[in-house]
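Going from the sequence shown to the numbering used here is simple: count from 1 and add 148.
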Amino acid sequence: MKFLPTTKDELKQLGWDQLDIILISGDSYIDSPFIGIAVIGRYLTDHGFKVGIIAQPDTDSEKDICRLGEPKLFWGVSGGSVDSMVANYTASKKRRKSDDFTPGGINNRRPDRAVIVYSNLIRKYFKGTRPIVLGGIEASLRRVAHYDYWSNKLRKSILFDAKADALVYGMAEKPILNLALAFQQGDEWKSIKSICYISNDLPGKFVELPSFEEVQESKAKFTEMFHLFYKNNDPLTAKGLYQKMDTRYLIQNPPEHYLSQKELDSIYESDFTLGQHPYYEKQGAVKALDTIRFSLATHRGCYGECNFCAIAVHQGQTVRWRSEKSILNEAEKFQDHSKFKGIISDAGGPTANMYGFECDKKIRKGCCEKKRCLYPKLCPQMEPDHSQQISLLKKLSALEDVKKVFVASGLRYDLIINDKQFGKKYLQQLVNEHTSGQMKVAPEHTEDSVLKMMGKPGSGNLQKFNRMFSEAVEKSGSKQFLTYYLIAAHPGCTEKNMKDLKEYTSQNLRINPEQVQIFTPLPSTYSALMYYTEQDPFTGKRVFVEKDINRKQNQKAVLTDKPSGRPKKTHQAKTRQPKTRQSKTRRSRR
């Protein structure tokens, strides 16, 4: 099967009268292992279910949502690879003109709060229909009471707003399969792990979160709620949660165990076409394919736990990696693709250099409740070892017809610094073979007070890494540059902090920064909690939070020398900078 069906004609060609499951997505239908709806669709199909996909349905008519009829088992609804509000609006709450996941690149197909809109659309045209199941990052990060930056208020679980029957959170292959099997067999499904649902009754031995009414009335209660929610995300230690919302309860079952390496490998063995479905391709190309078509996802999860990032809550704090054999097999398949020119765009994950090593204690017992792996400094139990990634990159580069393998995902340079045995060797290999003139790093800031609020180590590591990088470049004899991603207006960041950052980048990095984002409070992150409460959630102390949009823009302008309301100035930077890629593309991994 080349693509999963999206039209009636395709159903006829397959000899299918009715689908078991119909998946709705806020993205165009891109058949890639980097696209969650494609992965879930293939996974369910590989387990014997008849699955169809409707991408970016017209919300003003029945022409798209009714195109495949009604499923036997359930509807699966996702906002797409990015939260729809992040996809549609900048941090300054201005409407984005472009969308990397929409045909033609014009941002005119993904509705605000897409998960809610699509759920309502289904019920409008299919009265009393089969269950509606929410999934994807938009649903996952909004599964409990959360702060919503775009409405500037706390919102209930998206399950209540969408009036859906269930929600699967996290990466979700196992729970969605278990749910499909339960629906198919008529079995009880409300005990399935990684599932949320609404109930009139309380579950036994679950942990109670402060009610929605309580968190609305008290920021202290909201902080208490978030701590409980956050620490119950690890499959080895988490308990089930419940939260009263009006007269009913949101029930969150404990998370499903992570896929084993064998199971993870099997996900990528599906026969993805690595293209956009022709039905949608005729409407225009999608820019996202330029980045992901010939990229390799080597691992999932991130133990960096930056306070502003949603990866830890969605993908997990424990890194799981694919086998070398699986990754090489996927790369070999590229060679059969008509558009492959020998370039592998990326071999990485949420953070490129977390492949192949984890904390042994965490794998056995789960995440530590009172300390993090990398903050405020590297935990002694975490022993960085880049040897497996060195081996993988060498083998990928040696494949027939592969001309170049790039590592385009961001790096944690503190891991490279602390890998005394292989860190320098790994960096040298990146500089020699896997960098296209520019290596991405994300210090985010250089002022220690702001870095503390971000959950990132102090700036000393950046200086050490710069020296290591300079030595590697000199040894290689090539022209290589560092590209720095920086954040303005994060909680705790003042205009003075930005001026100090500007001075640091000018004197120590010798650049005029261009890769600067204004902070966006993403749902279910600690930084969003700080933004809403204006408090440090770990100490209770008051934190300065810039909430005026013009002053946020001024913070960014301090760094880029592009003051608000004035013509853009041109600078001759000593470090080359590529055009900024939308943060929503860089941050999104399903």
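Even glycine gets a Cβ: it sits at the ideal position worked out from N, Cα and C.
Alpha helix (DSSP H) segment containing residue i, residue limits
i, result
"residue 186", "184 to 194"
"residue 703", "697 to 708"
"residue 608", "608 to 624"
"residue 462", "459 to 462"
"residue 579", "571 to 581"
"residue 439", "436 to 440"
"residue 426", "426 to 429"
One or two residues paired with residue i in a DSSP bridge
i, result
"residue 346", "398"
"residue 298", "None; residue 298 has no bridge partner."
"residue 333", "Partner(s): none; residue 333 has no beta bridge."
"residue 416", "Beta-bridge pairing links residue 416 to no other residue."
"residue 587", "630"
"residue 445", "496"
"residue 263", "Paired residues: none, contrary to the question."
"residue 739", "Outside the shown range of the chain (149 to 738) lies residue 739, about which nothing can therefore be said."
"residue 281", "224, 314"
"residue 246", "254"
"residue 322", "Note: residue 322 sits in no beta bridge, so no partner."
"residue 592", "634"
"residue 559", "589"
"residue 291", "None; residue 291 has no bridge partner."
"residue 552", "491"
"residue 468", "448"
"residue 423", "179"
Delimiting residues of the beta strand (DSSP E) encompassing residue i
i, result
"residue 629", "629 to 636"
"residue 363", "Counting along the chain, residue 363 falls outside any beta strand (DSSP E), though it belongs to the alpha helix (DSSP H) covering 360 to 365."
"residue 393", "389 to 393"
"residue 355", "355 to 357"
Which listed residue (the options) has its alpha carbon closest to that of residue i
i, options, result
"residue 668", "709, 614, 531, 455", "455"
"residue 645", "700, 671, 630", "700"
"residue 657", "679, 615, 684, 682", "615"
"residue 451", "295, 503, 521", "521"
"residue 320", "238, 300, 405", "405"
"residue 596", "465, 276, 524", "524"
"residue 242", "297, 516, 519, 527", "297"
"residue 480", "453, 513, 444", "444"
"residue 486", "240, 219, 441", "441"
"residue 497", "244, 545, 539, 555", "555"
"residue 692", "324, 601, 174, 490", "601"
"residue 221", "621, 281, 179, 345", "281"
"residue 255", "236, 267, 240, 268", "236"
"residue 583", "604, 553, 313, 571", "553"
"residue 530", "489, 547, 157, 466", "466"
"residue 185", "207, 226, 163", "226"
"residue 606", "633, 580, 526, 659", "526"
Open item on the list: Please give the ranges of any beta strand (DSSP E) in the region 647 to 694, keeping only runs that are unbroken, at least 3 residues long and fully inside the region.
Closed with: 664 to 666
Task: Length at least 3, wholly inside the region 159 to 244: the beta strand (DSSP E) runs in chain order - done: 169 to 173, 199 to 203, 222 to 226
Open item on the list: What ranges does the beta strand (DSSP E) occupy inside the region 481 to 543, keeping only unbroken runs of at least 3 residues that lie completely in it?
Closed with: 494 to 496
Open item on the list: Under 8 Å, with one C-beta from each stretch per pair, do the region 602 to 614 and the region 560 to 574 reach the 3-pair mark?
Closed with: yes
Open item on the list: Between the region 258 to 273 and the region 226 to 234, can you find at least three pairs of beta-carbon atoms closer than 8 Å?
Closed with: yes
TODO: Evaluate contact between the region 382 to 390 and the region 427 to 437, counting only Cβ atoms and requiring at least three cross-stretch pairs below 8 Å.
DONE: no
TODO: Decide if the region 294 to 307 is in contact with the region 269 to 280; the criterion is three or more beta carbon pairs, one per stretch, under 8 Å apart.
DONE: no
Task: Contact between the region 350 to 359 and the region 238 to 256 (3+ Cβ pairs under 8 Å) - done: no
TODO: Could you say if the region 408 to 425 and the region 529 to 545 meet the contact criterion of at least three C-beta pairs nearer than 8 Å?
DONE: no
Open item on the list: Can you confirm whether the region 168 to 175 touches the region 397 to 407 when touching is taken to mean that 3 or more C-beta pairs between the two stretches lie within less than 8 Å?
Closed with: no
Task: Meets three-Cβ-pair contact criterion under 8 Å: the region 464 to 475 and the region 500 to 508 - done: yes
TODO: Count the C-beta pairs between the region 626 to 644 and the region 578 to 589 that are closer than 8 Å, then say yes if the count reaches three, no if not.
DONE: yes
Open item on the list: For the structure I just gave you, are there three or more beta carbon pairs, one from the region 668 to 677 and one from the region 278 to 292, closer than 8 Å?
Closed with: yes
TODO: Take every Cβ of the region 680 to 687, pair it with every Cβ of the region 647 to 654, and state whether three or more of those distances are shorter than 8 Å.
DONE: no
TODO: Pair every Cβ in the region 635 to 644 with every Cβ in the region 690 to 710, then say whether three or more of these pairs are closer than 8 Å.
DONE: yes
Task: the region 616 to 624 in contact with the region 565 to 578 per 3-pair CB rule at 8 Å - done: yes
Task: Touch test, the region 322 to 338 against the region 362 to 372, Cβ-Cβ under 8 Å, three pairs minimum - done: no
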